[in-house]
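According to our numbering, the sequence shown is numbered sequentially starting from 45.
Just so you know, even glycine gets a beta-carbon here, dropped at the ideal spot from N, CA and C.
Since the model is a prediction, treat every value here as computed from it, not as a measurement.
What follows is a set of notes on a single structure, which appears directly below.
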Amino acid sequence: MLRRLVVAVALLFVTAAPSAHADPGVLLEQRPTTVFVGPFPAPVKAWHLLYRSTSATGEPNAVSGTLLVPPTPWLRGGPRPLVTYAVGTHGLGDQCAPSNLLAHGIENESALLAQALTQGWAVVVTDYEGLGTPGTHTYAVGQSEGRAVLDAARAAARVTGAGLSPSGPVGVFGYSQGGQAAAWAAELQATYAPSLNVVGVAAGGVPADLNAVFAANDGGAAFGLVLGAATGLAAAYPDVPFASILNDRGREAVARVSKACTVELGAAAPFAHLQDFVTVPDPIHDPRWQARLAENHLGTTAPKPPVYLYHGTLDELIPFSVGTALRDRWKSLGAKVTWQEFPLLEHIAGVSIGGPAAMTWLGTKF
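Here it is as structure tokens:
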């Protein structure tokens with residue numbers, strides 16, 4: 045039943061095709077909606093959005109999302125702040141889109157959203173490319189995710205009735221996949237969305253180096269995330285060979301992964317190796333894979349806005365060393381980085397404990 049409801053919601057947006065002549069961040073559609081926390085309607089004004097963004101290869105696309113605005117006026121001076129919120133891994137199936145989960149009261153990041161909203165800030169949550177819109181979700185492709193996050197903020201400022209200003213302060217927040225998206229938004233903002241007044245970026249558990257993340261998870265309990273990332277990379281870059289090299293087991297697994305949400309995705313093939321699913325040796329070191337992975341390797345550009353970067357020292361999915369390496373690269377490039385490590389915390393605990401602190405830091409920038 046939930047999937048049928050989700051498909052019905054998604055189809056409302058299918059008719060709007062992105063125009064190559066529309067600028068990134070242009071609002072294509074807005075529709076008032078109600079979001080829920082469990083069975084209870086959330087006390088916010090809300091809109092489903094469809095907006096113009098840009099794919100990893102520079103093509104125009106349409107991305108959906110949800111804008112949440114507190115019902116009370118902003119009285120603290122200046123425009124109301126906006127947080128463009130990048131969710132962590134939700135899966136690849138359209139039913140996993142945050143807009144759909146918010147509409148059904150089952151969004152597992154609602155507590156962090158509420159922390160922002162109770163401060164009087166507006167929050168826009170992107171669904172990312174291909175999640176709730178036509179096409180395959182480009183999971184783990186930072187070039188796509190970062191643009192979707194920035195364009196969500198630009199689109200939110202154009203929503204009639206939301207009362208947001210295009211020049212208002214914008215904060216970026218994300219953890220895990222969302223941390224990747226937020227970090228890419230930080231690197232891309234100066235050139236891709238220079239008019240956005242981004243005052244701070246909070247990014248945690250960031251998979252900055254996908255080769256290192258692959259090495260940590262190939263053969264691991266959450267290996268399904270590797271299949272999801274390979275599926276997302278191939279969706280973003282048609283020159284990356286993946287479907288053509290799958291064996292029978294691989295085709296069956298990818299079919300499941302492509303429809304899975306978080307838990308099912310992570311548990312799709314525990315302790316398996318990528319080699320078990322393909323017909324060629326060591327596909328990740330194919331030059332075509334490596335070229336695209338290099339394009340999505342964070343740490344080559346200093347973010348213009350200040351960044352709060354955090355990581356659990358026992359993170360089993362995104363190695364702690366990946367986080368410290370990104371910190372060091374950004375600092376060497378002159379970026380303003382506040383670093384916070386959380387001793388003895390694994391991946392999920394990293395956001396449970398670190399997320400509220402990161403949101404509090406973001407509030408100091410408004």
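Inter-residue spacing [alpha-carbon to alpha-carbon] between residue i and residue j
i, j, result
"Gly-276", "Leu-161", "31 Å"
"Glu-73", "Arg-96", "10 Å"
"Leu-55", "Ala-273", "Because the pLDDT of Leu-55 is 41, which lies under 50, any placement of that residue in the model is unreliable, and the number read from its coordinates should be weighed accordingly. Those two C-alpha atoms are separated by around 25 Å."
"Thr-368", "Val-395", "17 Å"
"Ala-401", "His-329", "38 Å"
"Ala-230", "Thr-404", "18 Å"
"Tyr-219", "Val-322", "30 Å"
"Pro-125", "Asn-261", "38 Å"
"Thr-240", "Thr-170", "Before going further, note that residue 240 is Leu rather than Thr in the sequence given. Between Leu-240 and Thr-170, the C-alpha separation is close to 16 Å."
"Arg-120", "Glu-103", "40 Å"
"Pro-83", "Ala-147", "10 Å"
"Ile-397", "His-65", "44 Å"
"Arg-75", "Gly-207", "15 Å"
"Pro-238", "Gly-249", "26 Å"
"Asp-67", "Tyr-236", "11 Å"
"Ala-86", "Gly-149", "9 Å"
"Pro-387", "Val-351", "20 Å"
"Ala-293", "Val-324", "Contrary to the premise, residue 293 reads as Arg rather than Ala in this sequence. Their backbone Cα atoms lie some 14 Å apart in a straight line."
"Gly-205", "Val-81", "23 Å"
"Ala-184", "Thr-101", "15 Å"
"Asp-320", "Pro-285", "16 Å"
"Thr-436", "Leu-377", "Here the chain comprises residues numbered 45 to 410, so residue 436 is not present and cannot be evaluated."
"Pro-117", "Cys-305", "36 Å"
"Ser-288", "Gln-163", "50 Å"
"Ala-141", "Val-381", "31 Å"
"Ile-392", "Ala-247", "14 Å"
"Thr-77", "Ser-211", "25 Å"
"Thr-110", "Glu-385", "31 Å"
"Ile-362", "Ala-200", "31 Å"
Nonlocal neighbours in the same chain, by C-beta distance under 8 Å from residue i, ignoring five residues either side
i, result
"Val-88", "Val-79, Leu-112, Val-113, Pro-114, Pro-115 and Leu-161"
"Arg-300", "Glu-308 and Ala-312"
Counted within 10 angstroms of its Cβ, other Cβ atoms place residue i as buried (16 or more) or exposed
i, result
"Gln-233", "buried"
"Leu-93", "buried"
"Asp-283", "exposed"
"Gln-159", "buried"
"Asp-195", "buried"
"Arg-198", "buried"
"Leu-271", "buried"
"Gln-139", "buried"
"Leu-290", "buried"
"Arg-295", "exposed"
"Pro-213", "buried"
"Arg-332", "exposed"
Close beta carbons around residue i, own chain, < 6 Å, minus the five adjacent residues each side
i, result
"Thr-182", "Glu-173, Gly-174, Ser-188, Gly-276, Ala-279 and Ala-280"
"Trp-383", "Leu-353 and Arg-371"
"Val-70", "Arg-96"
"Gln-221", "Gly-132 and Thr-133"
"Gly-186", "Gln-224, Trp-228 and Asn-340"
"Val-366", "Ala-252, Asp-253 and Ala-256"
"Ser-209", "Pro-123"
"Phe-364", "His-355 and Thr-357"
"Arg-373", "Gly-343"
"His-317", "Asp-262 and Gly-263"
Under 8 Å between C-beta atoms of residue i and residue j
i, j, result
"Ser-99", "Ser-143", "no"
"Ala-379", "Pro-327", "no"
"Val-168", "Leu-157", "no"
"Asp-252", "Gly-399", "A small fix is needed here, since residue 252 is Ala in this sequence, not Asp. Not closer than 8 Å, so no."
"Ala-226", "Thr-177", "no"
"Lys-375", "Val-243", "no"
"Ser-497", "Leu-145", "Nothing about residue 497 can be read from this structure; the chain reaches only from 45 to 410."
"Trp-165", "Val-127", "yes"
"Ala-335", "Ala-312", "no"
"Gly-310", "Gly-263", "no"
"Ala-130", "Phe-258", "no"
"Gly-215", "Leu-406", "yes"
Cβ shell of residue i (< 7 Å), same chain only, five flanking positions each side left out
i, result
"Glu-390", "Gly-356, Leu-358, Asp-359 and Glu-360"
"Ala-255", "Note on residue identity: the sequence assigns Asn, not Ala, to residue 255. Only Leu-337 meet the Cβ criterion."
"Ala-265", "Pro-314 and Phe-315"
"Pro-349", "Ala-230, Gln-233, Val-242, Val-243, Gly-244 and Val-245"
"Arg-202", "Leu-71"
"Met-45", "The predicted position of Met-45 is uncertain, since its pLDDT is 35 and thus under 50; no value can be drawn from it."
Residue i: CB within 7 Å of a non-hydrogen atom of the ligand ZN
i, result
"Ala-369", "Looking at this structure, you won't find the ligand ZN or any other ligand, since it has none at all."
Cutoff 8 Å: residue i Cβ touching any chain D Cβ
i, result
"Ala-86", "The question asks about chain D, but that chain is absent: this structure has only one protein chain."
Under 8 Å, with one C-beta from each stretch per pair, do the region 186-194 and the region 149-158 reach the 3-pair mark?
no
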